[in-house]
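Sequences listed follow chains W and L, in order.
Note that the first sequence covers residues 61 to 755 in the working numbering.
Note that the second sequence covers residues 61 to 755 in the working numbering.
Note that CB positions come from ideal geometry on N, CA and C, so glycine has one too.
2 protein chains.
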Amino acid sequence: MLPRGRPRALGAAALLLLLLLIGFLLFRGDLDYERPRPRGTAAFDGDPPADPGGRNGSDCTPPRPRPPKCELLQVAIVCAGHNSSRDVITLVKSMLFYRKNPLHLHLVTDAVARNILETLFHTWMVPAVRISFYNADELKPQVSWIPNKHYSGLYGLMKLVLPSALPPDLARVIVLDTDVTFASNIAELWALFAHFSDKQVIGLVENQSDWYLGNLWRNHRPWPALGRGFNTGVILLRLDRLRRAGWEQMWKLTATRELLTLPATSLADQDIFNAIIKEHPWLVRPLPCVWNVQLSDHTLAERCYSEASDLKVIHWNSPKKLRVKNKHVESFRNLYLTFLEYDGNLLRRELFGCPRPPPPGAEQLQRALAQLDEEDACFEFRRQQLTVHRVHITFLPHKPPPPQPHDVTLVAQLSMDRLQMLEALCRHWPGPMSLALYLTDAEAQQFLRFVETSVVLSARQDVAYHVVYREGPLYPINQLRNVALAQALTPYVFLSDIDFLPAYSLYDYLRASIKQLELGSGRKAALVVPAFETLHYRFSFPSSKAELLALLDAGSLHTFRYHEWPRGHAPTDYARWREAQAPYHVQWAADYEPYVVVPRDCPRYDPRFVGFGWNKVAHVVELDAQEYELLVLPEAFIIHLPHAPSLDISRFRSSPTYRDCLQALKDEFHQDLSRHYGAAALKYLTALQQPRGPT
Amino acid sequence: MLPRGRPRALGAAALLLLLLLIGFLLFRGDLDYERPRPRGTAAFDGDPPADPGGRNGSDCTPPRPRPPKCELLQVAIVCAGHNSSRDVITLVKSMLFYRKNPLHLHLVTDAVARNILETLFHTWMVPAVRISFYNADELKPQVSWIPNKHYSGLYGLMKLVLPSALPPDLARVIVLDTDVTFASNIAELWALFAHFSDKQVIGLVENQSDWYLGNLWRNHRPWPALGRGFNTGVILLRLDRLRRAGWEQMWKLTATRELLTLPATSLADQDIFNAIIKEHPWLVRPLPCVWNVQLSDHTLAERCYSEASDLKVIHWNSPKKLRVKNKHVESFRNLYLTFLEYDGNLLRRELFGCPRPPPPGAEQLQRALAQLDEEDACFEFRRQQLTVHRVHITFLPHKPPPPQPHDVTLVAQLSMDRLQMLEALCRHWPGPMSLALYLTDAEAQQFLRFVETSVVLSARQDVAYHVVYREGPLYPINQLRNVALAQALTPYVFLSDIDFLPAYSLYDYLRASIKQLELGSGRKAALVVPAFETLHYRFSFPSSKAELLALLDAGSLHTFRYHEWPRGHAPTDYARWREAQAPYHVQWAADYEPYVVVPRDCPRYDPRFVGFGWNKVAHVVELDAQEYELLVLPEAFIIHLPHAPSLDISRFRSSPTYRDCLQALKDEFHQDLSRHYGAAALKYLTALQQPRGPT
């Protein structure tokens, strides 16, 4: 087909040239002329040669500049909500994997993302990474006037305000969408700043779709753009020059003008960036296409990556994300999955030869670790206690429960082998839950799919899942409990275990009991929920205390651990409970480990207990030492379901060293108790001396 | 102790020197002078500049050559035994992760490593990787005359014979120890061949220890070397030139001469390479230190990597491996663990822009996958059936049982959540076992540690563990069973499940029964081992049939699945078994799924059954269709231990689609059965029509 309307096009081109000339004369004065780049990089008009070896026949090509060793690279990312927070972590993992420079991440976040990412980076402790947060909500008014149809919503527009939102002394920044994955060292991208001519302020990769060419369908009217336009998933910004050029006024003027004829942005900030570039084409520095390989449907990206046989950054810029149709998508997905499932702990490695201040807490931790004796038989226990686990709170979307004075959150922890308990638990407990999950990065993704494919689980927004990443050989049970406890948002918590199913009425009954017993008025009490167990994996759950008692009499149910460890629950006094009509007091006794409801500000669990044994016992000792009343609830019950013994309990049973180490931990716990509570703690030591069974 | 016989040795040395001189004069003419490199790279005497950007003030440095896009790179590795086979896979993963070129791996292996690696690469199906095997045992005579004290043993010397062992048309090869890890693209290493001067034939990195300087302790007499000497963990070999230079005679002469005064090699091939280089220093091309960062104790490697702030290849060249003392070892270990735990499936990605013939079977698989309908409700099932899982047979050291005519191997499969069954199983079954484990790469490492720390498991060399790597959402139960079955080496197999413990006497009893029933003489029979279950997780295992019957009467034991699915085992006829003194025949009936002992050449399991349901039933139908007698053994029994329901059984129970898909699979199974067995298969279809319970 011959191109149509050529004469008209030529006339238009002449007009444009004139306009461009005027535009150029108008703007050039405002741009930054200081610090000219030494090597005449303005000579590169398109992509610099992909091969630094310069196989163009000449033995002497201007070398590609690299950022000096140890130069701090600046990266900005806008991130809001639970799902984007997960995405940004995968992006950061890919960036950290290949990087050899210190990084400063500037995260523009809403409250949810900030809460998640602050905890995550604090516990991640990656050397040579600095994090700054910026409040996206404060920036909203600057962009909320722009109608926007893109799925990223208001946050999609926020890259426009970075020059004013980021610190005024920040001169250059790489801006990334949360849906990009690095396949190379970000320093190579940073080095492209050196190719900017004196006028260029925005480095961008050309769009790899025909969107901005228009006419994709009837009445498809994209925003104006130079040719195919540019994609804003990866941006190099000369903030200093933008500020001096009056960027804020520039983009607002352009957006306002275009919105006179266009109803809204379709691709958020990208439409506005392109409209500006169309007006001021000298502002843009085109970047090699490999720095933003766009995987939307019908993409032209293949031309880019198969010529280069190289990929630097992949951009999942389709609402379909990983389900996008691209004939090589399997390969790209593998690269993405690499980092999705990558053990983030492994990124805690130092940058050699780039001394940087260690992350907060890291020095103290190093000192403590250095004091451990590798020959100590209990070394594994002591190492595990000191381990700082990466924590990703509210891994999945979560709506905090509305504040209610007597509300109670079920608190528990689990690992992968107990996922199948979650649906039943949701059916038995209609209230809020805070669950800590001990997972690898790969398991966290399996967990995500498990929840997404479960009708029961995906319907619940009041269950908060907190992922604690696995590290070390022993299950850090009390650290997990503390994470779940710290994230409970109601005034009361029910400290349960994952293998128990509560009576269907328990949630309502607990709230009524809290109210009736006036716990809210400063009364310090722990409400005991009696525990039972079944040995059958198929079993019909009793709908009332009467039914439970009948099953107990029939031998289908037992009081919890009646056969193996009756001391753990004996003080609950099951005989009395059977007849009780009202809550009754019980006294602490050695090895008592009931399941209790307490105010949220109760003592934390002692993190020294890792693996199997004494982890809950120590917490109940602490409650008693702090003079919590122990009140058994007459209508409350939970039932333990059978499962194979955990690896930890198997090790406890088979290894004398394991038992000796647990004993050492118990001794140290009692020493600390005496130190803290003085003579009042004597009774716990005395109780220890009495003859006793296992544990 | 002083070395004895020094005067004689000195005389011999003088003689050898003379011989060598003659040898040198004879051979130098043979060195390869053709094809001079164009860019005068001989000017580089030490490391080429680490920075191709050439920040040495000049804008024009000779660019570092890169191998042409898509050039096939050649790599040789010597590998023997079970443990080295695991190591080599980690090395290969790191190489594949960064590579952008097709690779040809030349693996010099013993029979064990070949068996493992052939299966692994065959099932891995990595595009653009070709594998050739060379029989290390055939090469042994060429090096076995050299006394060697190094922990790598005879295989440590085998790199010396590569020029003659590898194909005569192979001109260049990178030789790697199994204990190296790549942190960069191997093509960059290959590119260093271009720096070789016309005389250079061996590229090596200088040693990063003082070993060859001598005097590390009294009477420390290392082999001769140039200065610190060179490390042979990473070698660039110009095979063409070496062959022409009479390499074989050269190294044998040098080794013979040195062994006149030195009792043995201490560092295997490395001592001999260094002695040769000391004599003919022009043969060596020194490589940049980053290509072989040596992490032995007291290493000087830090000077290398902190200046370069770059690592290309890490070499764990200490017998202590990961436990080596190096202040940065944690960081290096993280890089190693990255690849140790890396999901090898993700390396199945294509090389863009480098068309290569697909690996064997890959095209057929692609066609089958392309025919699947993504909208089909059973798509997940069909996708899972087609999945080719990577298989690592005999993951841990294993000694095949000595051939015995009536021996029987216990065959089972498991995933991570059943590891705790292994010790008990070993106590109950003293005979050979073949177990398939469905694991991720990371879990395989946890499994390894689990076995290593278990006294019971690490004492057993007759248990073969075969790792089948996880991929896809459904448990490929029958594919796992087939892997374990295919690797059983005795004439009979006991097809069990991991949750069962056999009677202590079962192994002996089965062998006696096989002998007594004359199964060896071509009798086609399946011996049924009756199955029971306990619902208690602590339980005292009956030591005889009498005890078992007492427990059954007391209600502590039940026949297997008596409550949920009695049809599965009803044909075993437990009432008759109770009284039986001799084996008795039973007839097949619908849904019968007994645990049986059969000859090793029995039908395979039908791999279409994935996830929960009908996987064993279909196998017993197949046995019946092939007219196996079903004989119940009167003294045999196994007992199932309780566990939480698997995720698959939970999905089966909660998802109607899951049940529908299983029904579809069953229908297709019966269609295939009719096709294969004709009218004889009619009874299975008829049985299907009868009224029945679930499944």
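Residue range I262 to E266 is occupied by the beta strand (DSSP E) that includes I262 (chain W), with no alpha helix (DSSP H) assigned at that position. Taking all protein chains in view, the Cβ of D613 (chain L) is surrounded by fewer than 16 other Cβ atoms within 10 Å, so the residue is classified as exposed. Within the segment 429 to 477 of chain L, the runs of alpha helix (DSSP H) that reach at least 4 residues and sit entirely inside it are, in chain order, 439 to 446. With respect to chain L, the C-beta atom of D477 (chain W) has a partner C-beta closer than 7 angstroms.
T469 (chain W) is positioned such that its CB atom lies no closer than 7 angstroms to that of V353 (chain W). DSSP, reduced to helix, strand and coil, places N175 (chain L) within a helical segment of the structure shown. Cβ-Cβ distances below 6 angstroms link L165 (chain W) to V135 and I191 in the same chain, with the five nearest sequence neighbours on each side left out; the list follows chain order. In the three-state DSSP reduction, E689 (chain W) falls in the strand class (E or B). Annotation: S144 (chain W) to T238 (chain W) spans about 7 angstroms, alpha carbon to alpha carbon. G274 (chain W) and R232 (chain L) have their C-alpha atoms roughly 53 angstroms apart. Annotated as proximal: Y564 (chain W) and H488 (chain W), with beta-carbon spacing under 7 angstroms. Within the model, the alpha-carbon separation for V172 (chain W) versus L199 (chain W) is close to 16 angstroms. Rounded to whole angstroms, the Cβ separation of N161 (chain L) and P127 (chain L) is 7 angstroms, and the two are in contact under 8 angstroms. Residue L:L495 holds the alpha-carbon nearest to the alpha-carbon of D522 (chain L) among L:L495, L:P348, L:D666 and L:R298. The beta carbon of E512 (chain W) sits closer than 7 angstroms to the beta carbons of S518 from its chain, once the five residues preceding and following it are set aside; these are given in chain order. For E410 (chain L), the closest of W:E423, W:Y402, W:P420 and W:F392 by C-alpha to C-alpha distance is W:F392. Under the Cβ criterion of 7 angstroms, Y564 (chain W) is not counted among the residues facing chain L. Look at Q268 (chain W): its C-beta is not under 7 angstroms from any C-beta on chain L. Out of W:L561, W:R668 and W:L432, the CA that lies nearest to the CA of L725 (chain W) is found in W:R668.
Contacts between Y365 (chain W) and chain L, judged by CB atoms closer than 9 angstroms, involve F412 and G413 in chain order. At a cut-off of 7 angstroms between beta carbons, H255 (chain L) makes no contact with chain W.
Within chain W, the residues D477, R478, Q480, M481, D559, Y597, L701, P702, H703 and A704 have their CB atoms less than 9 angstroms from the CB of A704 (chain L), given in chain order.
The beta carbon of A484 (chain L) is closer than 7 angstroms to those of L561 in its chain, skipping five residues each way along the sequence. It is roughly 17 angstroms from the alpha-carbon of P201 (chain W) to the alpha-carbon of A324 (chain W). Close to chain W, meaning a Cβ-Cβ distance shorter than 7 angstroms, are the following residues of the segment 146 to 171 of chain L: K160.
The beta carbon of T359 (chain L) sits no closer than 7 angstroms to any beta carbon of chain W.
Cβ atoms of V344 (chain L) and G293 (chain L) stay farther apart than 8 angstroms, at about 15 angstroms. For the C-beta of D403 (chain W), the chain L residues within less than 8 angstroms are, from N- to C-terminus, L397, T398, E401 and A502.
With a cutoff of 7 angstroms on beta-carbon distance, V261 (chain W) and L302 (chain W) are scored as near each other.
As the crow flies, the alpha-carbon of A305 (chain W) is around 14 angstroms from that of V221 (chain W). Not flagged as an interface residue toward chain L: S378 (chain W), since no C-beta distance is shorter than 7 angstroms. A distance below 6 angstroms between beta-carbons, with the five flanking residues on each side excluded, links F455 (chain W) to the following residues of its chain, in chain order: Y525 and V527. When DSSP assignments are scanned along the segment 293 to 372 of chain W, the uninterrupted stretches of alpha helix (DSSP H) that are 4 or more residues long and fall wholly within it turn out to be 299 to 304, 307 to 318, 329 to 339 and 361 to 368.
G404 (chain W) is a Cβ neighbour of R450 (chain W), given a cutoff of 7 angstroms.
Under a criterion of Cβ atoms nearer than 9 angstroms, no residue of chain W is adjacent to E198 (chain L); the nearest Cβ is some 38 angstroms distant.
Rounded to whole angstroms, the separation of the alpha carbons of P663 (chain W) and H679 (chain W) is 8 angstroms.
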